[in-house]
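Have a look at the structure below before the remarks.
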Amino acid sequence: DAGVIQSPRHEVTEMGQEVTLRCKPISGHDYLFWYRQTMMRGLELLIYFNNNVPIDDSGMPEDRFSAKMPNASFSTLKIQPSEPRDSAVYFCASSFNRVNTGELFFGEGSRLTVL
Amino acid sequence: GDSVTQMEGPVTLSEEAFLTINCTYTATGYPSLFWYVQYPGEGLQLLLKATKADDKGSNKGFEATYRKETTSFHLEKGSVQVSDSAVYFCALSTFFSGGYNKLIFGAGTRLAVHP
């Protein structure tokens, strides 16, 4: 069974450009999470969805960040305009069963570098 | 609020040495506790978990015991291998109003094992 699939694996862009990161969760999972990982701040939860609906976006750093989940098999995280401080590895994760004890399945991440 | 504190790394060991990575937590209620592992260039994956006090989680030779009296969940392995070199994250799962057991991660501890 395929795991969580993220694309692109690496993205290098210039400040001010729009960046779109994509995620395909594991089939049947009804929760989807976007995390950001940096050396300074570790793993931060940006936003999560349940059944395609955003539930908690309190971790989204600012209005330049937006996330959508148009259907159960696809989600995007968009940064517009991008800034050098957005450079990080962005992980998508999915899970199922609201009463599970928190096991998440992570993708391999998208490494973003903003010059 | 709820939080997880891990020992700072890197931890550098020789092959077959004994490993301990300390983890303590602060939480209201009764969280579930986890260790996740991140191998180079990959996403996080669940290593082991414990859902109640005195439970011992184990996997791949790693163990951790949920100690409520000391609010700890230290990771141990009797004999590490080079292939265990990775970053290890302690995490707790706490129920919150969004209806999901939200995962809170520690900062991670890098382990390097040399032949």
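Those sequence lines, one after another, are chains V and C.
Here the first sequence stands for residues 771 to 885, where the numbers follow this note's numbering.
Here the second sequence stands for residues 1041 to 1155, where the numbers follow this note's numbering.
By construction, the Cβ of each residue, glycine as well, lies at the ideal position given by its N, Cα and C atoms.
Since the model is a prediction, treat every value here as computed from it, not as a measurement.
Legend entry - Span separating the alpha-carbon of Val1077 (chain C) from that of Gly1041 (chain C): Position 37 of the second sequence, counting from 1, holds the residue named residue 1077 (chain C). Position 1 of the second sequence, counting from 1, holds the residue named residue 1041 (chain C). If you take the alpha carbons of Val1077 (chain C) and Gly1041 (chain C), they lie about 24 Å apart.
Legend entry - Cβ pair Leu1073 (chain C), Tyr1079 (chain C) closer than 8 Å: As a first step, residue 1073 (chain C) is located in the second sequence; it is residue number 33 there, counting from the start. As a first step, residue 1079 (chain C) is located in the second sequence; it is residue number 39 there, counting from the start. Result no, Cβ atoms of Leu1073 (chain C) and Tyr1079 (chain C) do not sit closer than 8 Å.
Inset, instruction - With 8 Å as the threshold, decide whether the Cβ of Gly1041 (chain C) is near any Cβ in chain V. - result: Here residue 1041 (chain C) is taken as the residue at index 1 of the second sequence, counted from 1. No, no contact with chain V.
Legend entry - Test: Lys1089 (chain C) CB closer than 8 Å to a CB of chain V: To locate residue 1089 (chain C), count along the second sequence from 1; it is residue 49. Yes, Lys1089 (chain C) counts as interfacial toward chain V.
Inset, instruction - Spell out a yes or no on whether the region 806-818 of chain V and the region 1047-1066 of chain C are touching, meaning 3 or more CB-CB pairs, one atom from each, closer than 8 Å. - result: no
Legend entry - Status (buried if at least 16 other CB within 10 Å, exposed otherwise) for Asp833 (chain V): Position 63 of the first sequence holds residue 833 (chain V). It counts as exposed.
Inset, instruction - Quick one: grab the DSSP three-state call for Asp826 (chain V). - result: For the purposes of this step, residue 826 (chain V) is taken as residue 56 along the first sequence, with counting starting at 1. Strand.
Inset, instruction - Measuring alpha carbon to alpha carbon, tell me which of V:Lys838, V:Arg806 and V:Thr783 ends up nearest Ile825 (chain V). - result: For the purposes of this step, residue 825 (chain V) is taken as the residue at position 55 of the first sequence. If we check each option's Cα against that of Ile825 (chain V), V:Lys838 comes out closest.
Legend entry - Residue interval of the beta strand (DSSP E) (run including Tyr801 (chain V)): Position 31 of the first sequence holds residue 801 (chain V). From DSSP, the beta strand (DSSP E) with Tyr801 (chain V) extends over Tyr801 to Thr808.
Legend entry - Inter-residue spacing [alpha-carbon to alpha-carbon] between Phe1058 (chain C) and Glu1103 (chain C): Numbered from its first residue, the second sequence carries residue 1058 (chain C) at position 18. Numbered from its first residue, the second sequence carries residue 1103 (chain C) at position 63. Taking the straight line joining both Cα atoms gives about 12 Å.
Inset, instruction - Identify which residue in V:Ser865, V:Thr783, V:Glu873 and V:Pro831 has its Cα closest to the Cα of Leu802 (chain V). - result: The residue labelled residue 802 (chain V) in the question sits at position 32 within the first sequence. Nearest C-alpha to Leu802 (chain V): V:Ser865.
Legend entry - Ser828 (chain V) versus V:Asn820, V:Leu816, V:Phe835 and V:Asn821, residue with shortest Cα-Cα distance: What you label residue 828 (chain V) is simply residue 58 of the first sequence in a count that begins at 1. Of V:Asn820, V:Leu816, V:Phe835 and V:Asn821, the residue nearest in Cα terms is V:Leu816.
Inset, instruction - List the residues of chain C whose Cβ lies closer than 7 Å to the Cβ of Leu874 (chain V), in chain order. - result: The residue you call residue 874 (chain V) lines up with position 104 of the first sequence. Those are Leu1143, listed as they occur along chain C.
Inset, instruction - Going by CA-CA distance only, name the one from C:Gly1081, C:Ala1067 and C:Cys1130 that's closest to Lys1108 (chain C). - result: One-based indexing of the second sequence puts residue 1108 (chain C) at position 68. That would be C:Ala1067, whose Cα lies nearest to the Cα of Lys1108 (chain C).
Inset, instruction - Using the DSSP secondary-structure output, state which residues sit across from Ala1104 (chain C) in a beta bridge. - result: The sequence position of residue 1104 (chain C) within the second sequence is 64, counting from 1. According to DSSP, which records beta bridges pairwise, Ala1104 (chain C) is partnered with C:Gly1097 and C:Leu1115.
Legend entry - chain V contact for Ala1093 (chain C) (CB, 8 Å cutoff): Within the second sequence, numbered from 1, the residue matching residue 1093 (chain C) stands at position 53. Output row for Ala1093 (chain C): interface = no.
Legend entry - Whether Phe876 (chain V) touches Gln1046 (chain C) by CB criterion (8 Å): What you label residue 876 (chain V) is simply residue 106 of the first sequence in a count that begins at 1. What you label residue 1046 (chain C) is simply residue 6 of the second sequence in a count that begins at 1. In this structure, Gln1046 (chain C) does not lie closer than 8 Å to Phe876 (chain V) by Cβ.
Inset, instruction - Closer than 9 Å by beta-carbon distance: list the chain V residues that pair up with Glu1048 (chain C), in chain order. - result: Indexing the second sequence from 1 puts residue 1048 (chain C) at position 8. What Glu1048 (chain C) touches in chain V: nothing, since even the nearest Cβ is about 12 Å away.
Legend entry - Helix, strand or coil at Ser857 (chain V) according to DSSP, with G and I counted as helix: Position 87 of the first sequence holds residue 857 (chain V). Reduced to three states, the DSSP call for Ser857 (chain V) is coil.
Legend entry - Beta carbon of Ser880 (chain V) nearer than 8 Å to that of Pro778 (chain V): Taking the first residue of the first sequence as 1, we reach residue 880 (chain V) at position 110. Taking the first residue of the first sequence as 1, we reach residue 778 (chain V) at position 8. Contact: yes.
Inset, instruction - Keeping to the same chain, check which residues put their C-beta closer than 8 Å to that of Thr783 (chain V); ignore five residues upstream and five downstream. - result: If you number the first sequence from 1, residue 783 (chain V) lands on position 13. For Thr783 (chain V), where only same-chain residues beyond five positions count, the Cβ hits under 8 Å are Val789, Ser852, Leu882, Thr883, Val884 and Leu885.
Inset, instruction - Within its chain, find whatever has a CB closer than 8 Å to the CB of Ser843 (chain V); leave out the 5 residues flanking it on each side and keep chain order. - result: As a first step, residue 843 (chain V) is located in the first sequence; it is residue number 73 there, counting from the start. Within the same chain, Ser843 (chain V) has close Cβ partners Lys794, Pro795 and Ser797.
Legend entry - chain V residues whose Cβ lies nearer than 9 Å to that of Ala1152 (chain C): Here residue 1152 (chain C) corresponds to residue number 112 of the second sequence, with the count starting at 1. Those within 9 Å of Ala1152 (chain C) in chain V number zero; the least Cβ separation is about 16 Å.
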